[in-house]
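Protein chains in written order, with my numbering: chain B, 3 to 97; chain Z, 205 to 681.
Using N, Cα and C, we set each Cβ at its ideal position, and we do this for glycine too.
Each remark here refers to the structure printed beneath this line.
Spelled out as structure tokens, the structure:
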């Protein structure tokens, strides 16, 4: 399976990655190589194997339903570029 | 052209846990912005989500209540999209292995029963809130809601009208409240839904292209949004156009749905298993433990109300609408130990009206079950008439006294002594010879005049049935 330049640009846009136009062809070739490798693995008959959701052979630990976090808004908001009235401010998202 | 509507609902129920699904931050509604958003909810580097046991138990409880299979192993996945109220850039959800699989629910529409399939229910985290009021051209973000546990309940496309969709959603709403897994507060967004709507020509077996209407947070909006959308699609197709698969928003002010252009291209969520979370395993022990906590469910309670209290389908449905109302009704019946239908009439009638007027929930009723029962006993044993009981009830609603105390204080005890009533009738007949003569000459209508006079003379306290009988006997003598 091979990716064309358009597919590469679309994936980059979905992941919000900025890529140089002159590297697009390289990315397309490299990513296609990875997909070919996946295709190769897909050829193996795995019908009798359970799909693996996680490499560790363990199950999820559960925590009790208790409130253990306290309000640290002051400290978190020191990292933010813009805050007002306790809110984080971001560029307007509704046109 | 005859058209058929096809609807599937995705209902989001906020689970009533104290802390978030993957962090120990509080979930209480209405806190100051961002005071309940911890490092995990903010998606800061180096944090790890740990699953809330109670959220899992609640999902299992729901699954058992709809007769679904609980997955022995389910997996959390990342749903990737970019939006400022989703700090991590992905929502932790479940994709191909949800915790609850294939159950069903029965709804009643226009007296007919219909079974609606539930494809799945999965656990996920809620996003934060974007506040689009003007902050100098910026949007404000409150992440208190980020990480609140949600159970997304997905129906099969089995619903065929807006009415059915509303009936299904109401039934689901009652169920999650019975199970005490969701407070059901729709105004606060604790219970909301997305509707997938399409139309097809009658007899066609394939589905039409669907539009998804997002974030409907009232039963009325669900009905109106679907009705609008169905009309829009039919007009579009009949006009030679085609429905586009897209996400739409319902505008309740204009009563229309419109396309959400900003999310048009965001449908590629690139799900993959979340490496931060191990598979969730649910064993028989946990399932049995949760099963033991299941309350009597709405359908079973309705059935029992019909058989134990000889109530009509309608009465049983109204009285079991919430667990609290059903409990109140049963407390009244137990305490009054009289006609269960009389109790039903009062709980659904005068009491409900008073609650509505005062905008109170049944649990905050100013007349509790015991006091209401005390009043009903006095109706049942003929101490007061139903009409005077209404007056006593109003006084009870205003003050804390018992029915007996009010009846005594205001001298409302019904007159059931025949000789006393007869004496009053004799006097009225003597005082109104003209009317008596006309009545006896065939003017039957005047019977009402004598009833009125007798009631006036007894201040409404004569037992109406007894008065009618005695009056008839005397006048016709």
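For residue 428 of chain Z, the secondary structure class from DSSP, reduced to helix, strand or coil, is helix. For residue 305 of chain Z, the secondary structure class from DSSP, reduced to helix, strand or coil, is strand. Residue 365 of chain Z places its beta carbon 8 Å or farther from that of residue 213 of chain Z.
Rounded to whole angstroms, the gap between the alpha carbons of residue 231 of chain Z and residue 355 of chain Z is 15 Å. Per DSSP, the unbroken alpha helix (DSSP H) holding residue 377 of chain Z starts and ends at 366 to 382. Considering only beta carbons, the part of the segment 249 to 278 of chain Z lying closer than 7 Å to chain B consists of 254, 255, 256, 257, 258, 260, in chain order.
Looking at the DSSP output, residue 454 of chain Z sits in a beta bridge with Z:461.
Put simply, the segment 325 to 335 of chain Z touches the segment 294 to 302 of chain Z. At least three CB pairs are less than 8 Å apart.
With contacts defined as CB atoms closer than 8 Å, residue 531 of chain Z and residue 253 of chain Z fail to qualify as a contacting pair. For the 8 Å CB-CB criterion, residue 411 of chain Z and residue 361 of chain Z form a contact. The residues 219, 221, 225, 327, 353, in chain order, have a CB closer than 7 Å to that of residue 259 of chain Z in the same chain once the five nearest residues on each side in sequence are set aside.
Ranking Z:455, Z:407, Z:414 by CA distance to the CA of residue 422 of chain Z puts Z:455 first. The closest CA to that of residue 4 of chain B, considering only B:76, B:40, B:17, is found on B:40. Between residue 419 of chain Z and residue 346 of chain Z, the beta carbon gap of about 17 Å keeps them out of contact (Cβ cut-off 8 Å). By the CB criterion at 8 Å, residue 662 of chain Z and residue 619 of chain Z fall inside the cutoff. The closest CA to that of residue 489 of chain Z, considering only Z:609, Z:628, Z:205, Z:261, is found on Z:261.
Distance from the CA of residue 476 of chain Z to the CA of residue 281 of chain Z, rounded to the nearest whole angstrom, comes to 5 Å. Secondary structure at residue 247 of chain Z: coil, using DSSP grouped into helix, strand and coil. Within the segment 63 to 91 of chain B, contact with chain Z at the beta-carbon level (separation under 9 Å) is assigned to 63, 64, 65, 66, 67, 68, 69, 70, 71, 72, 73, 74, 75, 78, 79, 81, 84, 85, 86, 87, 88, 89, 90, 91.
A Cβ-Cβ separation of about 6 Å places residue 482 of chain Z in contact with residue 58 of chain B under the 8 Å criterion. Along the segment 339 to 353 of chain Z, going in chain order, the ones with a CB nearer than 9 Å to a CB of chain B are 339, 340, 341, 342, 343, 344, 345, 346, 347. In this structure, DSSP gives residue 282 of chain Z an extended state, which the three-state scheme calls strand. Under the three-state reduction of DSSP output, residue 559 of chain Z falls in the helix class.
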